[in-house]
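In the working numbering, the protein residues as written are 1289 to 1473.
Structure follows, in structure tokens:
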């Protein structure tokens, strides 16, 4: 996946500090872009409640212009977490490797809103960036912004050495096997 350093500078500058409102009454302030691939971005975020209180949890938001429902991802992760908890409670090893999805939504973008601002930035980069390998020329702006908000997992790029990286890859393979064998995902 591309890192934030691969994202065009104007995207990083334009998204950082942008407020994203959700239907549940809270809003999120977008931070650093962690990853980008095509029209999909993963950004750090801080949650603000309607009361004005700040949530100090480490959160990320996956954003995409695609019309695929983020609810499907939420269902799969919820199923896997439930199987793990039913088997061993909150201590099951696989829970350390599955995200805790907090919220999903497909936002219908209304012109003049912050959702429109975010969608326009992603659309411009994804559909018209001549220097981007995965760029395509889009026929029309999709008018939706799919979001998945989750607790941030430990980023693989921060691992200190090769033995830690090898352990993570071993764990990833074990997670995939467990997902196939137990929740049958």
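Cβ coordinates follow ideal geometry from the N, Cα and C atoms, glycine included.
{"Item": "Strand pairing of residue 1308, partner residues [DSSP]", "Value": "1316"}
{"Item": "DSSP state of residue 1411 mapped onto helix, strand, coil", "Value": "helix"}
{"Item": "Identity of the residues DSSP links to residue 1325 by a beta bridge", "Value": "1328"}
{"Item": "Buried/exposed call for residue 1466, threshold 16 Cβ in 10 Å", "Value": "buried"}
{"Item": "Distance CB(residue 1398)-CB(residue 1362) smaller than 8 Å", "Value": "no"}
{"Item": "Residue of 1339, 1328 and 1349 minimising C-alpha distance to residue 1317", "Value": "1349"}
{"Item": "Alpha-carbon spacing of residue 1379 relative to residue 1373, whole angstroms", "Value": "8 Å"}
{"Item": "Spatial neighbours of residue 1422 in its chain, beta-carbon cut-off 6 Å, leaving aside the 5 residues before and after", "Value": "For residue 1422, the predicted model reports a pLDDT of 49, less than 50, meaning its position is unreliable; a value from the coordinates is still stated below. Correct list, in chain order: 1326."}
{"Item": "Cβ-based burial, residue 1396 [other Cβ within 10 Å; buried from 16]", "Value": "exposed"}
{"Item": "First through last residue of the alpha helix (DSSP H) which encompasses residue 1451", "Value": "1450-1469"}
{"Item": "Where residue 1446 falls: helix, strand or coil (DSSP)", "Value": "helix"}
{"Item": "Residue 1336 beta carbon less than 8 Å from that of residue 1387", "Value": "no"}
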